[in-house]
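Here is the structure we will look at, set down as structure tokens.
Protein chains: 2
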Amino acid sequence: MFGEFELIERFLKPAPAALDRGVALGGGDDAALLIPQAGFELAVSVDTSNADVHFPSDAPAKAIGHRALAVALSDLAAMGARSRWCLMALTTPGGAFEDEAAAACWLEGFGRGFHALCDRHQTVLAGGDVTRGPLGISVTVMGEVPKGQALTRAGARPSDLIAVTGALGGGAGGLALWQRGERDLAHPLLKRYLLPEPRLEAGIALRGIASAALDISDGLLADLGHLRQASNVGAELDMDALPTAEGLIEALGEEQAQAAMLGGGDDYELLVTLAPGELEKAQKALAEIGLALSVIGRCCEAPGVYGVPADAAPGWQHFHRGRP
Amino acid sequence: MFGEFELIERFLKPAPAALDRGVALGGGDDAALLIPQAGFELAVSVDTSNADVHFPSDAPAKAIGHRALAVALSDLAAMGARSRWCLMALTTPGGAFEDEAAAACWLEGFGRGFHALCDRHQTVLAGGDVTRGPLGISVTVMGEVPKGQALTRAGARPSDLIAVTGALGGGAGGLALWQRGERDLAHPLLKRYLLPEPRLEAGIALRGIASAALDISDGLLADLGHLRQASNVGAELDMDALPTAEGLIEALGEEQAQAAMLGGGDDYELLVTLAPGELEKAQKALAEIGLALSVIGRCCEAPGVYGVPADAAPGWQHFHRGRP
Chain A
97 MFGEFELIER FLKPAPAALD RGVALGGGDD AALLIPQAGF ELAVSVDTSN ADVHFPSDAP
157 AKAIGHRALA VALSDLAAMG ARSRWCLMAL TTPGGAFEDE AAAACWLEGF GRGFHALCDR
217 HQTVLAGGDV TRGPLGISVT VMGEVPKGQA LTRAGARPSD LIAVTGALGG GAGGLALWQR
277 GERDLAHPLL KRYLLPEPRL EAGIALRGIA SAALDISDGL LADLGHLRQA SNVGAELDMD
337 ALPTAEGLIE ALGEEQAQAA MLGGGDDYEL LVTLAPGELE KAQKALAEIG LALSVIGRCC
397 EAPGVYGVPA DAAPGWQHFH RGRP
Chain B
97 MFGEFELIER FLKPAPAALD RGVALGGGDD AALLIPQAGF ELAVSVDTSN ADVHFPSDAP
157 AKAIGHRALA VALSDLAAMG ARSRWCLMAL TTPGGAFEDE AAAACWLEGF GRGFHALCDR
217 HQTVLAGGDV TRGPLGISVT VMGEVPKGQA LTRAGARPSD LIAVTGALGG GAGGLALWQR
277 GERDLAHPLL KRYLLPEPRL EAGIALRGIA SAALDISDGL LADLGHLRQA SNVGAELDMD
337 ALPTAEGLIE ALGEEQAQAA MLGGGDDYEL LVTLAPGELE KAQKALAEIG LALSVIGRCC
397 EAPGVYGVPA DAAPGWQHFH RGRP
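Protein chains in written order, with my numbering: chain A, 97 to 420; chain B, 97 to 420.
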């Protein structure tokens, strides 16, 4: 059985001090010491992913590690922040770790998924905590954004366009496939569900262009509701303009695909608003990083949301094997 | 049953923007925006407290809220950092919350314990996440320390004195009492165990005086081991000099009291080293905040720890009702 210290040392070791990465003191002391840049604000958020609530506990360990970080980074993306540091609080079931070889294998995969995504976004794992209990991961992310330039949910104006990055419905589609027994991680929907890509470059590119932004974690209609409320606007959507995740209609059929795009969560795309005159600039900026930006509607003064089927689900329950 | 948003709104609401508290944007967006001070390093740490692993699940809700934050703040204290912001990731059991009145009562108490300690240390709850699952709380704390002035575990020199704040054994003593059925939170040992006071003022007062510091969470000998390893020194302890928590010997008897002081964790006192010539200054500084600083030994060149009973327990298991 692993002790906490050996476990951290082997698989989840926080980075050592590295002044060029803003770390004056890394893992191994009571706290890490970070060096924020002058003139920047610090964007901070925490996201918990619990087994059989937010992800299937039998998902590949690598995907669990990737996904726990990705969903947290997605919040920084939505602010237009550059990710810099993270902390990981991992709770692992003691029982499952009494077989040392299985534990090492799981932790190695988990750590690999987590660290690979850290590296891809120049994010330093600055510390963490490992405790016993039912499998769950809380990830704190810290990013920086030039003072006053953060994207928030509150800046949308009536007549602004509403747009989304990438495509919709992949999260719900992938979950449905997983529940049917599909296990090929190369399937585009499973990839979207288990290995979502936080849109950090897109958030940075949209600074000064988008009037408001948030990430789609609860589902398009639910998250649009948050934006509408914060910005005090209504919204009119064009159902035909919703960008559909690859393979979604084949997997779920037209009707379920539409429900997944409107109400399914876990897409981790950015939902943004922008003045019509900014659209070309925004699309060009995102094209440079290989990402589509699709206009799906327009803000309006009248509160509420228009143009969607009356029975569209407003929210999204993450994966549930049963009531926890 | 409470929804996530209502639950946060009612009991755990992050603070709104407050520039004088370093918060440019508070709760309610994808991330909070904080304003670090120029010339300071950011000390960050995360601590998870799981029900029936780190605390008894039937402890008062107020104590659970207080304690989850206190153990995290203790890490900032050990760095000599001033606490500024925190994030709370709360996982709560769905089932227990179907009785709305009981849930409201528990959450109200939990929030009260958490917020009261925030206020006492001028710490802003800047954001959080509430999820379903077995009761557990991960708290991320963020503090500031003038560049280069943080206390670490690595600065002890041979011939430095070893000292502790407050008294030892209260955590283990309180746990033992709780397990025997004692429920009076006014009992000094129960208070030490369930409502520990992070030594933030002491950490700040010891900047520039202590050569090394850490907090006692795993037990005196275990934590002294961490300090010895980081500083590459040995230690000689004077058993007669260990400051004993109020009521400890009456509750546990001489032998168990000694074991609690050496091996019991959850004390959250600071263990520091300092040059002999700094002792008077250190004791005077702590006396001003009503805290004793007791010399309990001295560092030495020879690796290892001397002067303690050969059978003294080196580590500490937090509360366990059973294997999780």
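Don't be surprised by glycine CBs; every beta carbon is placed ideally from N, CA and C. Since the structure is predicted, the reported quantities are computational estimates derived from the model, not experimental observations.
- Per the coordinates, the alpha-carbon of GLY343(B) lies some 19 Å from the alpha-carbon of LEU316(B).
- Residue pairing from DSSP places TYR402(A) in a beta bridge opposite GLU332(A).
- Interface flag for VAL140(A) against chain B is set, since a Cβ pair is found closer than 8 Å.
- Within the same chain, Cβ atoms closer than 6 Å to the Cβ of LEU129(A) are found at ALA120, LEU121, the five residues on either side in sequence being excluded.
- By the beta-carbon neighbour count (other beta carbons within 10 angstroms, threshold 16), LYS380(B) is exposed.
- A distance below 6 Å between beta-carbons, with the five flanking residues on each side excluded, links PHE210(A) to the following residues of its chain, in chain order: GLY161, LEU165.
- With the criterion set as a beta carbon lying under 9 Å from some beta carbon of chain B, the members of the region 141-156 of chain A are SER141, VAL142, ASP143, THR144, SER145, ASN146, ALA147, ASP148, VAL149, HIS150, in sequence order.
- Within the region 102-133 of chain B, those residues whose Cβ lies closer than 8 Å to any Cβ of chain A are, in chain order, ALA120, LEU121, GLY124, ASP125, ASP126, ALA127, ALA128, LEU129, LEU130, ILE131, PRO132.
- Residue-level contact check: THR227(B) touches chain A, since one or more beta carbons of chain A fall below 8 Å from its beta carbon.
- For PRO399(A), the closest C-alpha among the options GLY373(A), ASP225(A), GLU332(A) is that of GLU332(A).
- Rounded to whole angstroms, GLN275(A) and ASP148(A) show a C-alpha spacing of 12 Å.
- DSSP lists VAL142(A), LEU183(A) as the bridge partner or partners of THR236(A).
- Straight through space, the alpha carbons of SER307(A) and LEU221(A) are spaced by roughly 31 Å.
- Look at LEU257(A) here: in three-state DSSP terms it is strand.
- By the neighbour-count criterion, in which a residue is buried when 16 or more other Cβ atoms sit within 10 angstroms of its Cβ, CYS201(B) is exposed.
- In the DSSP assignment, GLY262(B) forms no beta bridge with any residue.
- Per the C-alpha coordinates, the member of ALA326(A), GLY232(A), ALA301(A), ASP363(A) positioned closest to GLY262(A) is ASP363(A).
- The residues ALA157, LYS158, in chain order, have a CB closer than 6 Å to that of GLY205(B) in the same chain once the five nearest residues on each side in sequence are set aside.
- In its chain, beyond the 5 residues on either side, LEU286 have a beta carbon closer than 8 Å to the beta carbon of ASP280(B).
- Close partners of ARG249(B) in chain A (Cβ separation under 9 Å): GLY124, ASP125, ASP126.
- VAL167(B): member of the alpha helix (DSSP H) spanning 157-175, first to last residue.
- For GLY299(B), the enclosing alpha helix (DSSP H) covers residues 296-301.
- Closer than 7 Å at the C-beta level to chain B, one finds these residues of the region 296-323 of chain A: LEU310, ASP311.
- With respect to the C-alpha of LEU108(B), the residue from CYS396(B), VAL167(B), CYS182(B) having the closest C-alpha is CYS182(B).
- Counting only the Cα atoms, GLY299(B) lies some 26 Å from HIS283(B).
- Within the DSSP secondary-structure output, ASP225(B) pairs in a beta bridge with ALA185(B).
- Counting along the chain, LEU281(A) sits inside no beta strand (DSSP E), nor does DSSP assign it H or E at all.
- In the three-state scheme derived from DSSP, where H, G and I count as helix and E and B as strand, ALA120(B) is classed as strand.
- Taking the C-beta atoms as reference points, GLY349(A) is found no nearer than 8 Å to GLU397(A).
- For PRO242(B), the three-state secondary structure derived from DSSP is strand.
- In the three-state DSSP reduction, GLY343(A) falls in the coil class, being neither helix nor strand.
- Take GLY229(A), set aside five residues on each side of it, and the residues of its chain with a beta-carbon closer than 6 Å to its own are THR187, in chain order.
- For ARG208(B), the enclosing alpha helix (DSSP H) covers residues 196-216.
- For ALA164(B), no chain A residue has a Cβ inside 7 Å of its Cβ, as the nearest lies near 12 Å away.
- An exposed status is given to ILE385(A), since fewer than 16 other beta-carbon atoms sit within 10 Å of its beta-carbon.
- Checking the DSSP bridge columns, you'll see THR369(A) partnered with ILE258(A), ALA308(A).
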